[in-house]
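In full-length UniProt numbering, the protein residues as written are 1 to 285.
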Ligand SMILES: Cc1ncc(COP(=O)(O)O)c(C=O)c1O
């Protein structure tokens, strides 16, 4: 199932071609996007996603259409979704820089899609991961902002290539590492580990995307007595942790079962607790 809306709130047949061949999003991956989970009509972390899209756009000097336009498109998709058939959707907000040599008007849409079977399987069964080099020092973001390291741009070809590399090695997921050996993030997820009464993640200053799902988890975990920290850590800490998760909007809090072929601790009770803390942010929790 797919539902497509434009920024003026009109619905369009999702089979309709929307982009010109000379759109900079098509020819250069020049644009930004967000993927949001909508569950039981509630777009989760919508404000955080819109803030992050604004930040990504600012980093690449892209004039993002105003918030009201995105909210209109989101609402149009939510209103048109067949909720009696499917209680969740993955909502993609996309904005390109528009036509090459044009007047600079950005081009955006909101596309709601069913959750893929592979995603549901990862949520339920957990994942195997491999560590792959990302090839930069964690302080590069500050030195070279033009590399857009912490922006969610449309240029995800490297991230998708890394996923294929993982699959070719028989794994489900990737954990990127920096040149100093510290843990960065997944190609579409944030790494979280548990250690005693503490949850740890990589700081956005290392050039990773600030995760809305990890943010939501930490928010309720803190209220429940967990200590939370965003601090650089080495790969060895994944192996000695009480548990490792990949957090992302559509995959939720996915338990990691093995890394580079070695099992990591995957306690079902701890997993259930973190999943419950995350869910408790929302009406269904
Ligand atoms: C590179 C990267 N890191 C982390 C995340 C997780 O972010 P969120 O929890 O907001 O979905 C994503 C989401 O797709 C991502 O692409």
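Idealized CB from N, CA, C, for every residue including glycine.
Nearest-angstrom Cβ-Cβ length linking residue i and residue j, presumed shorter than 8 Å
i           : j           : result
residue 115 : residue 250 : 6 Å
residue 150 : residue 104 : About 24 Å separates the two Cβ atoms, so there is no contact after all.
residue 187 : residue 162 : 5 Å
residue 238 : residue 264 : 6 Å
residue 60  : residue 212 : That pair is no contact at about 20 Å.
residue 50  : residue 67  : 6 Å
Residue i Cβ short of 7 Å to ligand 1 heavy atom set
i           : result
residue 214 : yes
residue 6   : no
residue 56  : no
residue 228 : no
residue 92  : no
residue 185 : yes
residue 208 : yes
residue 211 : yes
residue 122 : no
residue 236 : no
Contacts around residue i, its chain only, beta-carbon distance under 7 Å, and the 5 residues preceding and following it disregarded
i           : result
residue 218 : 199 and 228
residue 6   : 12, 73 and 109
residue 270 : 194, 242 and 243
residue 21  : none
Residue range of the beta strand (DSSP E) that includes residue i
i           : result
residue 255 : 252-259
residue 113 : 107-113
residue 191 : 190-195
residue 118 : Note, residue 118: premise wrong, no beta strand (DSSP E); alpha helix (DSSP H) at 117-125.
residue 306 : Residue 306 is absent from the model: the chain starts at 1 and stops at 285.
residue 31  : 31-39
residue 200 : 198-201
residue 227 : 227-230
Contact set for residue i: own chain, Cβ-Cβ below 6 Å, skip 5 residues either direction
i           : result
residue 19  : 26
residue 285 : For residue 285, the pLDDT reaches just 48, beneath the cut-off of 50, and the residue's location in the model is therefore unreliable, leaving the point undetermined.
residue 69  : 7
residue 222 : 228
residue 281 : 216 and 220
residue 159 : 187
8 Å CB neighbourhood of residue i in its chain, flanking five on each side removed
i           : result
residue 234 : 181, 182 and 183
residue 65  : 7, 95, 106 and 108
residue 53  : 32, 33, 34, 64, 70, 93, 95 and 152
Selection from the options that minimises the alpha carbon distance to residue i
i           : options               : result
residue 85  : 123, 52, 2 and 22     : 2
residue 113 : 38, 201 and 258       : 38
residue 121 : 256, 276, 274 and 277 : 256
residue 119 : 253, 267 and 277      : 253
residue 240 : 266, 48 and 76        : 266
residue 236 : 145, 160, 262 and 81  : 262
residue 124 : 282, 268 and 277      : 268
residue 177 : 152, 259 and 102      : 259
residue 79  : 15, 42 and 101        : 42
residue 167 : 153, 127, 107 and 35  : 127
residue 101 : 146, 131, 24 and 52   : 24
residue 174 : 205, 29 and 134       : 134
Residue i - containing alpha helix (DSSP H), residue span
i           : result
residue 222 : 212-223
residue 57  : 46-59
residue 70  : 67-80
Any C-beta of chain B under 8 Å from that of residue i
i           : result
residue 125 : Chain labels in this structure do not include chain B; a single protein chain is all it has.
Any non-hydrogen atom of ligand 3 closer than 7 Å to residue i Cβ
i          : result
residue 35 : The ligand content of the structure shown is limited to ligand 1, which means ligand 3 is not among them.
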